[in-house]
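Residue numbers (the working numbering), protein chains in the order written: chain A, 1 to 269; chain B, 1001 to 1269.
Backbone N, C-alpha and C define an ideal beta-carbon position, used for all residues, glycine too.
Source: prediction; values computed, not measured.
Working notes, structure below.
There are 2 protein chains.
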Amino acid sequence: MQQGIAILDSGVGGLTVAKEVMRQLPLEKIIYFGDSLRAPYGPRPADEVRKFTLQIVDYLLQFRPKMIVIACNTATAVAIEEIRNLVDIPVIGVIHPGARAAIKTTRKGVVGVIGTEGTILSGAYEKALKSISPDLEIISLSCPRFVPLVEQGLIELEDTYETVKQSLEQLQHTSIDCLILGCTHYPFLSSIISDVMGPDVSLISSADETAREISTILYHRGLLEHKIHKPIHQFLCSGDPELFKRIAEKWLNEEIKVNAVVWQVTQIG
Amino acid sequence: MQQGIAILDSGVGGLTVAKEVMRQLPLEKIIYFGDSLRAPYGPRPADEVRKFTLQIVDYLLQFRPKMIVIACNTATAVAIEEIRNLVDIPVIGVIHPGARAAIKTTRKGVVGVIGTEGTILSGAYEKALKSISPDLEIISLSCPRFVPLVEQGLIELEDTYETVKQSLEQLQHTSIDCLILGCTHYPFLSSIISDVMGPDVSLISSADETAREISTILYHRGLLEHKIHKPIHQFLCSGDPELFKRIAEKWLNEEIKVNAVVWQVTQIG
């Protein structure tokens, strides 16, 4: 029997999706894979990210999940259509949920998007937004310095505020009224981003919105878990499991067990 | 070819969904049916509401819509499963979208729900909320005086504020941190409800959330409209078309044409 939601990311970023799934869908079991060994994905060529993503999906299928969540914007941008054609379970990416939430939120019709170089270069958010609402104005900006800060667990350093402020400078004094955090790592920095952008810009977390859409799709497919028991989640990581565990436990606010799966990824990578 | 989104309600309430669909999905054509002649549905026996809803769906199918939206909480509560079994296009109700949005929004895990007698009696929100998140605390209240105020276009009278305040008295001093407007008529009163409940209670409009989920489901089914032209919507009404038009144009902030369809409804009603 298929069970559990497989969530994959280049590293710890997808934990922002996992945390929201745990909160919004407390009966659902998660199988999480963080490819920390090869993070960040943002600066890598699209074809390499595509290959890595397909490999991880292939690896995760052994757990017979009922749904696959590409909890990485860079990977969603380059691989989701191919994965949808390959598997016969629902595949959810993080780009369209963020786009739909922005369309719901914006009142001025001017939307900001920040993401990795890979995501911004792909134009995936512009395409998603414009295909639904062609008259939107979209201002995009890549923030390549954010993911390394999060992967290294450096969120609380004093320098981090300055880095975020400098990175977002181009978005100041624009007329955006909402800003899509178009990378699942960015919610780790959301209080800083919010401080920098001020109260007139609503932040859209693609992570929160994706969890909401996971709930919607599971419901419409009749796949929601109804057994009332606390699920035991699985966390798998291709990099240093101790660093992953430290960042994950702090973010999730609970103890977890992390399995290193270095060999498989090295083998297929 | 199937085209357009059929939206039905007991009267003008579903216009709150229609307006959000027009904003969030500007390329999609709407065919709207308001059963004003037989509004309000809230105090009617469940089986009567079920029968009316099935009749309207049957009537709307002649337009060959690509989706049916039951934009009435009372009707969703009693008829959606049956309609899903009857038609082979997606059927969207307004209860689960509101429930999912509340689960995403609440931080305390205490959710308020207001609706018609029919909706509250059905326990549909409790069921939807608990099936996803069993530990939620839910406080429900029926507000039978709200729909007649909206159907009669009496939103701006001085008495209305007092009526709303009295109706919501039981919810004051509870620990809810979000309140589901579990009737599509209620967003007409949302600024008053928001004033009465204060800034610590987030209002969840089942109308806004339903529009968002319509977008999600159309996308996942590959049914989004991509032709870039302003669609011409159709409005049909079983009651006084002039009163419907007056309320609708004010709410939608644009001129519309309303066709009276009294005879069909009388015939099947």
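- With the rule of 3 Cβ pairs closer than 8 Å, the stretch 1044-1051 of chain B does not count as touching the stretch 1239-1247 of chain B.
- DSSP places B/Ile1155 in no beta strand (DSSP E); its state is neither H nor E.
- At least 8 Å separates the beta-carbon of A/Ile89 from that of A/Ile80.
- Of the candidates B/Val1111, B/Gly1239, B/Ala1124, the residue whose Cα lies closest to the Cα of B/Asp1200 is B/Val1111.
- Taking one beta carbon from each stretch, the stretch 72-79 of chain A and the stretch 49-63 of chain A have 3 or more pairs nearer than 8 Å; the two touch.
- Proximity of chain A to B/Ile1228 at the Cβ level (cut-off 7 Å) is accounted for by Pro134, in chain order.
- At least one CB atom of chain B sits nearer than 8 Å to the CB of A/Tyr219.
- For B/Lys1019, the number of other beta carbons within 10 angstroms of its own is at least 16, and it is reported as buried.
- Taking the Cα positions, B/Glu1169 is about 42 Å away from A/Ile5.
- Put simply, of A/Thr160, A/Glu209, A/His220 the residue whose alpha carbon is nearest the alpha carbon of A/Ser191 is A/Thr160.
- Rounded to whole angstroms, the separation of the alpha carbons of B/Tyr1219 and A/Leu141 is 26 Å.
- DSSP, reduced to helix, strand and coil, places B/Ala1260 within a strand of the structure shown.
- Under the DSSP assignment, B/Met1067 falls in the beta strand (DSSP E) whose first and last residues are 1067-1070.
- The beta-carbon of B/Glu1169 is placed no less than 8 Å from the nearest beta-carbon of chain A.
- Considered as a whole, the stretch 1089-1163 of chain B harbours 1095-1105, 1117-1122, 1124-1132, 1146-1151 as its complete alpha helix (DSSP H) runs of no fewer than 4 residues, in chain order.
- Contact annotation, B/Ser1167 with B/Phe1188: C-beta distance approximately 14 Å; criterion of less than 8 Å not satisfied.
- In the structure shown, B/Leu1008 adopts extended strand secondary structure according to DSSP, grouped into three states.
- Check the Cα spacing between B/His1233 and each of B/Ser1010, B/Met1001, B/Phe1033, B/Gly1011: the tightest is with B/Phe1033.
- A/Cys178 is a Cβ neighbour of A/Thr106, given a cutoff of 8 Å.
- With a threshold of 8 Å between beta carbons, B/Pro1231 makes no contact with chain A.
- The Cβ atoms of A/Arg84 and A/Gln2 do not sit closer than 8 Å to each other.
- In chain order, Thr1216 make up the part of chain B whose C-beta sits under 7 Å from the C-beta of A/Glu213.
- Listed along the chain, the chain A residues whose CB falls inside 9 Å of the CB of B/Lys1104 are Glu20, Arg23, Gln24, Asp208, Glu209, Ala211, Arg212, Ser215.
- Unbroken alpha helix (DSSP H) stretches of 4 residues or longer found wholly inside the stretch 1174-1244 of chain B: 1190-1197, 1206-1220, given in chain order.
- Distance from the Cα of B/Thr1216 is smallest, within the candidate group A/Leu224, A/Glu28, A/Ile132, A/Pro26, for A/Ile132.
- Residue pairing of B/Tyr1032 in beta bridges, as defined by DSSP: B/Ile1007, B/Phe1235.
- Looking at B/Glu1028, B/Ile1056, B/Asp1240, B/Ile1139, the one whose alpha-carbon comes closest to that of B/Ile1120 is B/Ile1139.
- Taking a Cβ-Cβ threshold of 8 Å, the residues of chain B close to A/Ser131 are Leu1224, His1226, in chain order.
- Nearest in C-alpha terms to A/Glu156, of all of A/Trp251, A/Gly123, A/Lys257, is A/Trp251.
- Judged by their CB atoms, B/Ala1207 and B/Thr1074 are not nearer to each other than the 8 Å cut-off.
- Shown here, A/Gln172 sits in coil according to DSSP, grouped into three states, outside any helix or strand.
- Where B/Asn1253 is concerned, there is no enclosing alpha helix (DSSP H), because DSSP gives it neither an H nor an E.
- Cβ contact annotation for B/Thr1210 (same chain, cutoff 6 Å, sequence separation greater than five): Val1017, Val1094, Pro1097, in chain order.
- Counting C-beta atoms within 10 angstroms of its own C-beta, B/Lys1108 has fewer than 16 neighbours from the protein chains shown and is therefore classed as exposed.
- Inclusion of B/Leu1223 and B/Lys1066 in the CB contact set at 8 Å is warranted, their separation being smaller than that value.
- A/Gln24 counts as buried, since no fewer than 16 other beta carbons sit within 10 angstroms of its beta carbon.
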